[in-house]
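S.K.: Quick one: the structure is below, questions incoming.
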Amino acid sequence: MKNYIKYIMVCLIAAFSLMSCNDDNNDRDLTPEEINSIINGFNGYYQGKLISATDYNADTQKFLQQDTIMTEAAFGLDTTVTFSGFPVTYLAKKIKSDGNAELKEALEAADIVNASGKFVPRLVNPMSVLINYVTFPLEYGGKQHSVTISFLQYYSFAQFYSSKVVMQLLPAAVYVDGNLAEDILQSSQAVDLAYSFNQV
């Protein structure tokens with residue numbers, strides 16, 4: 000299991016390197032044909048594992064602990080991405096403001112949620128998309144709220160490799176009902192949420 004986790008982390012770091020290089024060399028607008036090709040390439044339903052790096056040491060560049068969660072994802076032709084098994088308990092750990100105590104408790108109680116967001120076609124080779132955010136309903140304080148997790152742009156993406164998708168997401172901020180609740184970005188963590196999916 001440890002070797003599998005290390006393998007996924009290496010794949011994601013390599014994918015990140017490829018993404019960075021392609022951003023430098025191919026910083027251009029995609030043609031409509033390329034956009035359609037990427038959307039159709041990702042279109043489908045995937046099952047796999049989330050590997051959340053709950054503790055990263057920037058000095059040693061090692062992940063001290065990984066939590067593995069089974070999850071599902073679907074990429075639609077309308078550029079919607081949906082997740083079943085998105086780990087909001089993990090995200091709750093990053094909320095530090097006393098003013099968001101109710102939000103933190105509600106996220107911890109929810110554990111995992113169904114969340115949806117949008118993806119943006121980015122590169123043709125390797126076939127890649129950016130994932131900007133996910134949104135999900137959450138009840139607390141006697142009200143139903145809409146919670147949005149925004150991700151760090153250009154560093155939060157998915158790449159497609161012959162029926163397999165690998166993904167890294169770096170949560171940046173939490174919004175509640177359209178208003179910024181808390182900035183949770185920790186730049187010292189190279190990989191925050193890492194996924195490995197197989198298409199089904």
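Read in order, the letters of the sequence shown are residues 0 to 199 in numbering that gives the first Met the number 0.
The beta carbon of each residue, even a glycine, is placed where N, CA and C say it ideally should be.
(1) Select from Q143, T59 and N39 the residue whose C-alpha is nearest the C-alpha of L106.
(2) If you drop the 5 nearest sequence neighbours on each side, which residues of the same chain put their C-beta closer than 6 Å to that of V268?
(3) Would you call P31 buried or exposed, if buried means 16 or more other Cβ atoms sit within 10 Å of its Cβ?
(4) Please report the residue range of the beta strand (DSSP E) in which L137 lies.
(5) If contacts are defined as beta-carbon pairs under 8 Å, then M126 and F159 qualify, I think. What distance do you get, rounded to the angstrom?
(6) Report the rounded CA-to-CA distance for V80 versus I38, giving the unit in angstroms.
(7) Classify N178 as helix, strand or coil using the three-state DSSP reduction.
(8) From I34 to S83, what distance separates their C-alpha atoms?
(9) Around the C-beta of V199, are 16 or more other C-beta atoms found within 10 angstroms, so that it is buried, or is it exposed?
(10) Output the distance between the C-alpha atoms of E138 and L102, rounded to the nearest integer angstrom.
(11) Please classify Y132 as buried or exposed, where buried requires at least 16 neighbouring CB atoms within 10 angstroms.
(12) Which of the three DSSP states is assigned to S145 in this structure?
(13) One question on the structure: do A157 and V146 come within less than 7 Å of each other, judged by their Cβ atoms?
(14) Does the distance from the CB of I50 to the CB of T67 come in under 7 Å?
M.R.: Taking the coordinates as given:
(1) Stepping through the sequence shown from its first residue, residue 106 is reached at position 107. Among Q143, T59 and N39, the Cα nearest to that of L106 belongs to Q143.
(2) Lying outside 0 to 199, the shown extent of the chain, residue 268 is not represented and no answer is given.
(3) Position 32 of the sequence shown holds residue 31. P31 comes out exposed.
(4) As a first step, residue 137 is located in the sequence shown; it is residue number 138 there, counting from the start. Unbroken beta strand (DSSP E) run through L137: S127 to Y139.
(5) Reading the sequence shown from its first residue, position 127 is the one you call residue 126. Reading the sequence shown from its first residue, position 160 is the one you call residue 159. Indeed, because the Cβ distance is near 4 Å, the residues count as touching under 8 Å.
(6) Within the sequence shown, residue 80 is the residue found at index 81, counting from 1. Within the sequence shown, residue 38 is the residue found at index 39, counting from 1. Approximately 11 Å, taken between the alpha carbons.
(7) On the sequence shown, position 179 is the one that residue 178 refers to. Three-state DSSP puts N178 in a strand.
(8) In the sequence shown, counting from the first residue as 1, residue 34 sits at position 35. In the sequence shown, counting from the first residue as 1, residue 83 sits at position 84. Approximately 26 Å between the Cα atoms of the pair.
(9) Position 200 of the sequence shown, counted from the start, is the residue given in the question as residue 199. Under this definition V199 is an exposed residue.
(10) Taking the sequence shown and counting its residues from 1, the one referred to as residue 138 is at position 139. Taking the sequence shown and counting its residues from 1, the one referred to as residue 102 is at position 103. The alpha-carbon atoms of E138 and L102 are separated by roughly 9 Å.
(11) Here the question's residue 132 lines up with position 133 in the sequence shown. The residue in question, Y132, is buried, as its Cβ has 16 or more Cβ neighbours within 10 Å.
(12) Translated into the one-based positions of the sequence shown, residue 145 becomes position 146. In the structure shown, S145 sits in a strand (DSSP, three-state: E or B).
(13) If you number the sequence shown from 1, residue 157 lands on position 158. If you number the sequence shown from 1, residue 146 lands on position 147. No, the pair does not count as a contact, with Cβ atoms beyond the cut-off.
(14) Sequence index remark: in the sequence shown, residue 50 carries index 51 (1-based). Sequence index remark: in the sequence shown, residue 67 carries index 68 (1-based). Result yes, Cβ atoms of I50 and T67 sit closer than 7 Å.
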